[in-house]
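K.L.:
Numbering that gives the first Met the number 0 puts the first residue of the sequence shown at 0, with every later residue one more than the last.
Just so you know, even glycine gets a beta-carbon here, dropped at the ideal spot from N, CA and C.
What follows is a single structure, and I will ask about it in a moment.
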Amino acid sequence: MIWDNARVHASKAVQEFISQHEEKLFILNLLSYSPMLNLQENIWNKLKSYFYEYKAKTTIDKIKDFISDYFNYANSNKAETKSLVNARSYYK
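Below, the structure written as structure tokens:
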């Protein structure tokens with residue numbers, strides 16, 4: 000498992016899970032700030048740009064629906080998603 004040092008990885012729940020399954024896991028920690036090593040960074044950047052491009056979302060449910068729609072689109076357009084993962088980004 001490759002970790003990008005998100006704060007959630009240090010949470011008590013995650014740490015408990017790791018300690019219960021450490022014999023099955025190999026964890027590789029990325030540098031403290033290394034977006035160029037995170038292959039999904041372009042996907043998150045595209046989601047953020049779409050999210051802010053359209054009008055404000057007025058409820059949590061609308062935000063969830065928007066994100067769900069984005070990932071449904073990404074999953075149904077595998078070639079485009081793969082090109083995002085493999086593309087050079089601002090960070091590379």
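Is the segment 39–54 in contact with the segment 66–74, if contact means three or more CB pairs nearer than 8 angstroms?
P.N.:
yes
K.L.:
Following the continuous alpha helix (DSSP H) through S10, name the residue where it begins and the one where it ends.
P.N.:
For the purposes of this step, residue 10 is taken as residue 11 along the sequence shown, with counting starting at 1. Where S10 is concerned, there is no enclosing alpha helix (DSSP H), given that its DSSP letter is neither H nor E.
K.L.:
Is it the case that the segment 3–10 contacts the segment 24–31, given that we only count it when at least three CB pairs across the two stretches are under 8 angstroms?
P.N.:
yes
K.L.:
With H, G and I counted as helix, E and B as strand and the rest as coil, what does DSSP make of N4?
P.N.:
For the purposes of this step, residue 4 is taken as residue 5 along the sequence shown, with counting starting at 1. In the structure shown, N4 sits in coil (DSSP, three-state: anything other than H, G, I, E or B).
K.L.:
Which stretch, first to last residue, makes up the alpha helix (DSSP H) that contains I26?
P.N.:
Counted from its first residue, the sequence shown places residue 26 at position 27. Looking at the DSSP string, I26 is not in any alpha helix (DSSP H), and its letter there is neither H nor E.
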